[in-house]
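Beneath this line is the structure, given in structure tokens, with notes to follow.
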Amino acid sequence: SKMASCNPVDQKKDDHKWNERKRRHDMKSLCSLLASLIPPQYLKGKRSLSDQLLASACHIHDLKKNVQDLDKERESLRTEQFCEINVPIDGSSAFPAVRLICNAGSGIQICVNGFKQQVELSRILQLLDECGVEVDSASLSTVADKVFSTIQCKISDVHLCDRN
């Protein structure tokens, strides 16, 4: 039936069948590739193509939500309340003896400045320990009769820095 294939209508039908067969084959390949990228827990017992596509959509939705949650968390860490508190010694505000710099994302930095007889670093560390604050590092410098101490602390409770 060489004559049938020369007929333009038949040729058009054959082309359409071939194109449709190729399209279905390509879609099946793409769906298989998509299903291979989805974690197994989404595909448990799902053998039909429509179930696999639905599982893929659920996985993509969960990934989107996870990205949004992480974006919110990152933004909250960027915009966390930063506070600085000066605590004078002996009621005198002329010389800030203790300065707390709080950032819940990284912790607390405590700067203690004062005269040798006023500053007891061991006492400050003891108080922090009693409060359950984890000290990362502490440094002490002296210049003449003045003492400059810096203590870096980790905090797990964001509200430790709240001034309210």
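To convert, note that position 159 of the sequence shown is 225 in my numbering; the numbers rise steadily by one, no gaps. All residues carry an ideal CB built from backbone N, CA and C; glycine is no exception.
Item	Value
Counterpart residues of residue 206 in DSSP-defined beta bridges	215
Other residues of its chain near residue 216: CB distance less than 6 Å, five sequence neighbours each side excluded	177, 205
Residue 83 versus residue 92: straight-line alpha-carbon distance, rounded	14 Å
Extent of the continuous beta strand (DSSP E) run through residue 199	Element bounds for residue 199: n/a, residue is neither H nor E.
Spatially closest choice to residue 212 from 90, 180, 173, by CA coordinates	180
Residue 104 - DSSP class collapsed to helix/strand/coil	coil
Boundaries (first-last residue) of the beta strand (DSSP E) holding residue 111	Where residue 111 is concerned, there is no enclosing beta strand (DSSP E), given that its DSSP letter is neither H nor E.
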